[in-house]
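J.: Residues in the sequence shown are numbered from 145 upward in steps of one, following the numbering used here. Structure below; questions to follow.
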Amino acid sequence: MMTVGELREMIEGLEDGVEVRLAHQPSYPFEYSIADAVIIGGPLGANDEEENDEPVVYLVEGSQIGYLPGNVSRTIGWR
């Protein structure tokens, strides 16, 4: 499980214009854009019916871009 702090540390130093994509489905890998991000729970989160005190950030899958490049699959450990 990744935390906001771990993600922030990983992308520290990148330019603001660097694209963020989602790698999905290890056995038949595709890449997707990210359409949105929402926070559920906690003081910054949207109101939800389940009343979760701990906030969670959800990345919303956007459009399918195509097959995930082989070098990305290997770096992730899927191939």
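Where is the CB? At the ideal position from N, CA and C, for every residue including glycine. Computed from a prediction, not measured in an experiment: that's the story for all the values here.
#1: Report the partner residues of L203 according to the DSSP bridge assignment.
#2: Taking DSSP as the reference, what is the three-state secondary structure of E150?
#3: To which residues does DSSP link L158 through a beta bridge?
#4: Give the DSSP-derived three-state secondary structure of R218 in the structure shown.
#5: For Y172, write down the residues that DSSP places opposite it in a beta bridge.
T.: Taking the geometry as given:
#1: For this step, residue 203 is matched to residue 59 along the sequence shown. Beta-bridge pairing links L203 to A181.
#2: To locate residue 150, count along the sequence shown from 1; it is residue 6. Helix.
#3: By 1-based counting over the sequence shown, the position of residue 158 is 14. For L158, which the question treats as bridged, DSSP gives no partner whatsoever.
#4: Looking up residue 218 in the sequence shown gives position 74. R218 falls in the helix class under three-state DSSP.
#5: Locating residue 172 in the sequence shown gives position 28, where the first residue counts as 1. Answer is none; Y172 lacks a bridge partner.
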